[in-house]
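Asker:
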């Protein structure tokens, strides 16, 4: 029951965010269409636009929640996770059968991972394998199952205290979407749902390029905007009908029971190549997402809508926080990987980097909620970045799972799945092992020989999987870790990263030895603190304020304040 309560508290906490596919976002940039393009059954003249919900009073700005932040989310590419029908492609029923691996709903057990939320990568009917080119916003990808399967997934997840958010791709559709197929006709009622311009347009430069390719694409005598790809035409958010339809789509899935959304490509709704002279694309984008946030909150109070602003610039990510719940901490993973690999001469650097990021977030929105992550479906897997070393990977995990906000684990990260670009090789089948009948085979992995499966790691007290299970449990039970604020501690030992997480109830001191040799620190005041987590007991010594740490290890001390 505790896990269920924690998840419900989380669900009643979080509010909104935006998402993006920047120039490096492979989910939308330079995608590869699948061999068999799925065609939507929606008729653009009839059922493609759902009737509008009642008009809701919109808040002037989105208000971020500031309560329980206990949850840990898990990003899942359904195609790669678990296959229930033997076709090699992961599906919703397979995921349902593997929910107990993620959280069995029993707080007394320690065999499950202990996550409290799932982010489903796109599950809508789409033209490509990744799903970021939607052909029907109101349908489930038939390779993944049916709407009934989805409804059962929501029910079973909620039974276990797991919240479910889904990817929502609102910046663009597939060129195979019935709306766009109709819009190619200048007389179509859907023409203005997309952005069109003539070659000699005074409003738009149809020769503009973005990220090295053309932003506008020719059809007959006109050009349409497709920022990411010619087969992903951008929707026109100057059109009130499009804005209303985006709300209708969100309402449909919230009514189905989802607990929020991860929004894709949010910064690009009014990109620089599509705004008129004198207009501010950022201003228009923030205005729209503020209203969309308010709508979602009105429809389902407490829903979480987290966004990917795919930019390593902290100031750019922060600029969206006044309208959002949270944005993914893009750039954090590479910085952590760098110090874990030994790339920083003084490991106090990472604490300073994190503190500076939080300071900019707080300036933009004092109630910001961070979403720390090591990597996702658009980035090389983090263990690849640390040279495949499980001990270094453990320390990397220990850092981001003890920071502010709501951490997001990318599926397979917890078992050390390997992968680098191209995109397909960072979205490989999850490795269950042991001849598991639910093993997916959507793509052959060249890394299977070097990845230890779940079956091999379960029960091993020193495995990476066990380390994740322990860390998640420590995080979710300690108020300082899930609700605290971060402040760096100056360490006299350049090999030890030290920082404090402090809430109104509890204080925690976290130490990470990033060296491959034993290290010590004596400048801490540990009066009243007790040892809560010790990654490696062999070689660990505490004598008052003197702490001796084994190589590549983490310790956490906690002190209750009340």
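In mature numbering (1 follows the signal peptide of the UniProt record, and there is no 0), the protein residues as written are -19 to -1, 1 to 543.
Backbone N, C-alpha and C fix where the C-beta goes; we use that ideal spot for every residue, glycine too.
1) May I ask you to report which of helix, strand or coil DSSP gives residue 177?
2) Under DSSP, the alpha helix (DSSP H) around residue 160 begins and ends at which residues?
3) Quick check on this structure: which residue in 439, 449, 403 and 396 has the alpha carbon closest to the alpha carbon of residue 429?
4) Taking the CB atoms as reference points, tell me whether residue 470 and residue 500 lie closer together than 7 Å.
5) Tell me whether residue 332 sits in a helix, a strand or coil according to DSSP, three-state version.
6) Using a Cβ-Cβ cut-off of 8 Å (strictly less than) and excluding sequence neighbours within five positions of residue 552, which residues of its own chain qualify?
7) For residue 225 and chain B, any beta-carbon pair shorter than 7 Å?
8) Could you say which of 189, 296, 286 and 300 lies nearest to residue 264 if we only look at CA atoms?
9) Under a Cβ-count criterion, where at least 16 other Cβ atoms within 10 Å of its own Cβ denotes burial, should residue 491 be classed as buried or exposed?
10) On a Cα-Cα basis, can you pick out the residue from 393, 457 and 540 that is closest to residue 82?
11) Do you know offhand how far residue 512's Cα is from residue 245's?
12) Let's test the definition: count the other Cβ atoms within 10 Å of the Cβ of residue 64 and tell me whether it reaches 16, buried, or not, exposed.
13) Per DSSP, what are the beta-bridge partners of residue 242 in this structure?
14) Would you please state the rounded distance, in angstroms, between the beta carbons of residue 248 and residue 287? I believe it to be under 8 Å.
15) Residue 365 by DSSP, collapsed to three states: which one?
16) From this set, 199, 223, 185 and 510, which residue's C-alpha is nearest residue 165's C-alpha?
17) Is the segment 315 to 325 touching the segment 77 to 92 in the sense that three or more CB pairs, one from each, lie closer than 8 Å?
18) State the DSSP-derived secondary structure class of residue 129, mapped to helix, strand or coil.
19) Among all the DSSP beta bridges, which residues are the ones paired with residue 477?
20) With DSSP run on the structure shown, which of helix, strand or coil describes residue 206?
21) So, are the CB atoms of residue 363 and residue 386 less than 7 Å apart?
22) To the nearest angstrom, how far is the alpha carbon of residue 80 from that of residue 366?
23) When DSSP builds the beta bridges, which residues end up paired with residue 100?
24) Can you look up residue 433 in the DSSP assignment and give me helix, strand or coil?
25) If we count Cβ pairs, one from each stretch, closer than 8 Å, do we get three or more for the segment 400 to 408 versus the segment 65 to 72?
26) How is residue 448 classed by DSSP in three states: helix, strand or coil?
27) Does the segment 142 to 150 come close enough to the segment 170 to 189 that 3 or more CB-CB pairs lie under 8 Å?
28) Assuming contact is defined by CB atoms lying nearer than 7 Å, are residue 354 and residue 411 in contact in what I supplied?
29) Using the Cβ count rule (16 or more neighbours within 10 Å means buried), how would you classify residue 336?
30) Which whole-angstrom value describes the C-beta separation of residue 439 and residue 446, a residue pair presumed to lie in contact below a C-beta threshold of 8 Å?
31) Do you know offhand how far residue 456's Cα is from residue 427's?
32) Return the bridge partner residues of residue 195 from the DSSP annotation.
33) Could you tell me which of 204, 493, 375 and 371 sits nearest to residue 161, measuring between CA atoms?
34) Kindly list the residues whose CB is nearer than 8 Å to the CB of residue 522, restricted to its own chain and excluding five residues on each side of it in sequence; keep chain order.
Answerer: Quick answer:
1) strand
2) 159 to 164
3) 396
4) no
5) helix
6) Given that the chain is displayed from residue -19 to residue 543, the structure contains no residue 552 and the question cannot be resolved.
7) The structure shown contains no chain B, having only a single protein chain.
8) 300
9) buried
10) 393
11) 41 Å
12) buried
13) 147 and 286
14) Contact flag wrong, Cβ pair sits at about 14 Å.
15) helix
16) 199
17) no
18) helix
19) 494
20) strand
21) no
22) 29 Å
23) 56 and 146
24) coil
25) no
26) helix
27) no
28) no
29) exposed
30) 7 Å
31) 34 Å
32) 190
33) 204
34) 528 and 529
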